[in-house]
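Residue numbers (the numbering used here), protein chains in the order written: chain A, 9 to 228; chain B, 9 to 228; chain C, 9 to 228; chain D, 9 to 228.
Glycine is no exception: its CB is placed at the ideal position from the N, C-alpha and C atoms.
As the structure is a prediction and not an experimental result, all values here were calculated from the model.
One structure is given below, encoded as structure tokens.
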DNA sequence: GATGAATGAGCGTTCATTCAT
DNA sequence: AATGAATGAACGCTCATTCAT
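Structure follows, in structure tokens:
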């Protein structure tokens, strides 16, 4: 009888190994955690659920990421790297107006490709929780790029200073992805379909043009 | 916890009763829940903490609000009413430009006075969770007012449709209150001081003017 | 079907209540914890086992005693009180020799009646762990009584100082209860039977007399 | 834990290997286990901690000692051998009184040199646990030597039988090492300093003389 | 209205142990 | 000989909730 059990066990493990060869357990944990943290927040996500989604033993999460907070950090960290890579591509050559359009285009693409990231920091930033330092680290990089780009056209202080435009432009971009789903029912069509995204892109460009026009006229 | 000294307890209760006459236990529960849900999110808040902050017996929360979800709904509901009252005041008479400025001023004031509300829906909207229906109900009212106001100057569809401006304008307002605190350290000064708020107000008005200018020129 | 479940539950609770009327749950928890901590030590005892032995819900232990350490403290505290009461009776009137015999008799009785206590502190004193402060508090009282009693006949310092006699006499008493059981198999008869205890008492008195004889002769 | 930097790891391993050549991993495991079991007891010690202290892979403990109980046995066994060797030296030639003094001197030295052993059996003997058989084996040897030595001067049964003197004398010796640390704060000075130990030795000799005096007088 | 006792499910985490390499 | 991945049971503890009073 015990022989049977062992046999079955071995088989199970083999099967699983085959299926998992491509990815590795720790990566699968990270992926599952990412999805769940994003959907349910830090407190709302249980390691058991992560383990179940990743088809992995509960203890293995601790083995790889020490504890729940470590897992969360690992998820954020992974985005931080993606974020950094994206930022590197945001700064372009050319005249100001083109550069800003390009930058917002790039940022829109990044957020669109990493929607979970947007939702994640939205949640954590709203609750000024224990993870803020990590979040802040992530935001700072973005701010510096945007502020650097806009800096030459704006006063350092006051209502037209870079920090206000940073919040306005990033809010305009991010909030589309975080709010739109909640309003989807209200609008009928999906806000993240290809056409809808293109339309939002157009809107953003239009707004940016409007702002730059005004800035130019003010300067004159 | 079991009683330690009955005498002390009785005294405590008297004191508490006196202090609380004006407010009522259920209101105190709501207030404590509001603060905690906002700071820690739904899952991160425990009824035990709510009870402690409200200086109320744990069972009483259940008595008044049935369960945790009921308490959360009650908190949102309360804002829904405040929101409704605020919306009523948003629509003004007069020429379009003034009306829009007035509306955004009103909205900014409302969010500024109900920062917790902003953080609360920001959290819940990001996690597309069980409470979305209630959130949606709250958002819809706002959307309709804003869309109604802007409707006359905008095309019904496309990148300049009201829904885009709704997201842009509300995102510009809300994200200041939710993101700015996370960047406070980066900027030095408090983003919610009186002067800082006035500055943000100015920024918003400047942006609105820029957008309306462009719209007018496009129309011409 | 659900009716059945409810019915059974109610019945269960009633039954239990009847059986427990006399004692109270928290007392039963304490009793079970006492037995288990003594037998398996602090680390070797699980709250689940305590709950099972006390026929009580796991969570109730936490409800009454906060956490495992609190439960352990409660067990020790209870003995501390018993200990204090016993100490009060140890100091007698009369000539020195009688007083010392009476004191050791009283201490032997106390330990005999609270064998778990002896084993408990024996364990905790050997591992210089987190609970030493509590243990120390318990020991200090005893030391002071014994040292006070012996003080008049002994030099304050050196190999005949009270502290050495304290350790010798208490060790002689306690070690019987802790070590003898381990040697029971070697000796055949039970070391805690009535006759065996009387014999040990006699031995102790004989030793004390021998020591006092020597002290007197030394003094002469 | 998964590797962080392979390079660093390899280096670490080399360093460790060099440092450990003289000792061998299994010996280092035993040493670490000894210290931890003594300080925290069997249940309070985790193999993880042993592995960490021994700077050894967790699995290696299992490889050498099968499981936790096996490791514990190995620790006790080691003392059993040391104990046996010490016992061999306890029995001396010469008149009774000298022989007994010499025996207690030897035993005191042995315990003083193997304090952990004393604490270990104290813990395990107090909790009449799963390891009693091994403990008993260790105690039996000692008992037989002591009883053999005292046998000629004592009645086989009753309050003056060897078993009582065995417990009294060994308790007097052991309890100094196990209790004294707990009373250290009470006494001010360290109980295991060289002078303090010499003083305790004197005390024990004084007691033994008193007992033998009394025995001689009783016999006369 | 209001309380405190009580429950059971589930939490994050630790643990001894297994096993392939 | 030695390692690190992996497991499953159990741990102390928190939780929302129920219920009698």
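### Query
When the Cα of residue 107 of chain A is compared with those of A/58, A/83, A/160, which residue comes out closest?
Closest in alpha carbon position to residue 107 of chain A, among A/58, A/83, A/160, is A/160.
### Query
Should residue 56 of chain C go down as buried or exposed, given a rule of 16 or more other Cβ atoms within 10 Å for buried?
exposed
#### Entry: Residues of its chain near residue 49 of chain D, where Cβ-Cβ distance is below 6 angstroms and the 5 sequence neighbours each way are ignored
Contacts found: 131.
#### Entry: Span of the alpha helix (DSSP H), counted from its first residue to its last, around residue 213 of chain D
202-227
### Query
Considering only residues of the same chain and omitting the five flanking positions on each side of residue 221 of chain D, which have a CB-CB separation below 6 angstroms?
none
### Query
With respect to the alpha helix (DSSP H) encompassing residue 157 of chain D, which residues constitute its N-terminal and C-terminal limits?
140-159
### Task
Could you tell me the distance, in whole angstroms, from the CA atom of residue 138 of chain D to the CA atom of residue 74 of chain B?
Each residue's Cα considered, the two are about 51 angstroms apart.
### Query
Apart from the five residues just before and just after residue 125 of chain D, which ones in its own chain have a Cβ nearer than 7 angstroms to its Cβ?
The residues 87, in chain order, have a CB closer than 7 angstroms to that of residue 125 of chain D in the same chain once the five nearest residues on each side in sequence are set aside.
### Task
Indicate whether at least one CB of chain A lies closer than 7 angstroms to the CB of residue 111 of chain B.
no
### Query
Would you call the stretch 167-187 of chain D and the stretch 201-221 of chain C touching, i.e. three or more CB-CB distances under 8 angstroms?
yes
### Query
If contact means a Cβ-Cβ distance below 9 angstroms, which residues of the stretch 58-73 of chain A contact chain B?
none
### Message
For residue 50 of chain C, report the span of its alpha helix (DSSP H) as first-last.
### Response
Looking at the DSSP string, residue 50 of chain C is not in any alpha helix (DSSP H), and its letter there is neither H nor E.
### Separation of residue 97 of chain D from residue 164 of chain D, as counted between CA atoms
25 angstroms
### Message
Please report the straight-line C-alpha distance between residue 188 of chain A and residue 186 of chain B, rounded to a whole angstrom.
### Response
Going by the C-alpha atoms only, they are around 17 angstroms apart.
### Query
Under three-state DSSP, which class holds residue 100 of chain A?
coil
### Message
Quick check on residue 5 of chain D - is its C-beta less than 7 angstroms from some C-beta in chain C?
### Response
This structure cannot settle anything about residue 5 of chain D, because the visible part of chain D is limited to 9 through 228.
### Task
Determine the contact status of residue 38 of chain C and residue 58 of chain C, defining contact as a CB-CB distance below 7 angstroms.
Result no, Cβ atoms of residue 38 of chain C and residue 58 of chain C do not sit closer than 7 angstroms.
### Query
Which same chain residues, not among the five before or five after residue 42 of chain B, have their C-beta less than 7 angstroms away from its C-beta?
83, 124
### Message
Please list the terminal residues of the continuous alpha helix (DSSP H) segment that includes residue 194 of chain A.
### Response
170-195
### Query
Would residue 207 of chain C be called buried (16 or more neighbouring beta carbons within 10 Å of its own) or exposed?
buried
### Task
Compute the Euclidean distance between the alpha carbons of residue 89 of chain D and residue 63 of chain A, then round it to the nearest angstrom.
Cα to Cα, residue 89 of chain D sits roughly 50 angstroms from residue 63 of chain A.
### Task
Output the distance between the C-alpha atoms of residue 79 of chain D and residue 32 of chain D, rounded to the nearest integer angstrom.
If you take the alpha carbons of residue 79 of chain D and residue 32 of chain D, they lie about 16 angstroms apart.
### Query
residue 218 of chain B to residue 218 of chain A, Cα distance in whole Å?
6 angstroms
### Query
Expressed to the nearest angstrom, what Euclidean distance is found between the alpha-carbon atoms of residue 72 of chain B and residue 204 of chain B?
40 angstroms
### Message
Classify residue 225 of chain D: buried if its beta carbon has 16 or more other beta carbons within 10 angstroms, exposed otherwise.
### Response
exposed
### Query
So which residues on chain A does residue 117 of chain B lean against when the C-beta distance must stay under 9 angstroms?
What residue 117 of chain B touches in chain A: nothing, since even the nearest Cβ is about 17 angstroms away.
### Task
Check whether the Cβ atoms of residue 95 of chain A and residue 149 of chain A sit closer than 7 angstroms, and answer yes or no.
yes
#### Entry: 7 angstroms CB neighbourhood of residue 197 of chain B in its chain, flanking five on each side removed
204
### CB contact below 7 angstroms: residue 187 of chain A versus chain B
Using a CB distance cut-off of 7 angstroms, residue 187 of chain A counts as an interface residue toward chain B.
### Boundaries of the alpha helix (DSSP H) in which residue 67 of chain B is found, first to last residue
66-73
### Message
Taking 7 angstroms as the threshold (C-beta atoms), are residue 100 of chain A and residue 93 of chain A in contact?
### Response
Going by C-beta atoms, residue 93 of chain A is not nearer than 7 angstroms to residue 100 of chain A.
### Query
What residues in the stretch 134-160 of chain C bring their beta carbon closer than 8 angstroms to a beta carbon of chain D?
The stretch 134-160 of chain C vs chain D, Cβ under 8 angstroms: 134, 135, 136, 137, 140, 143, 144, 147, 148, 151.
### Query
Is the Cβ-Cβ distance between residue 143 of chain C and residue 133 of chain C less than 7 angstroms?
yes
### Range covered by the alpha helix (DSSP H) that runs through residue 162 of chain C
Per DSSP, residue 162 of chain C belongs to no alpha helix (DSSP H) and is neither H nor E.
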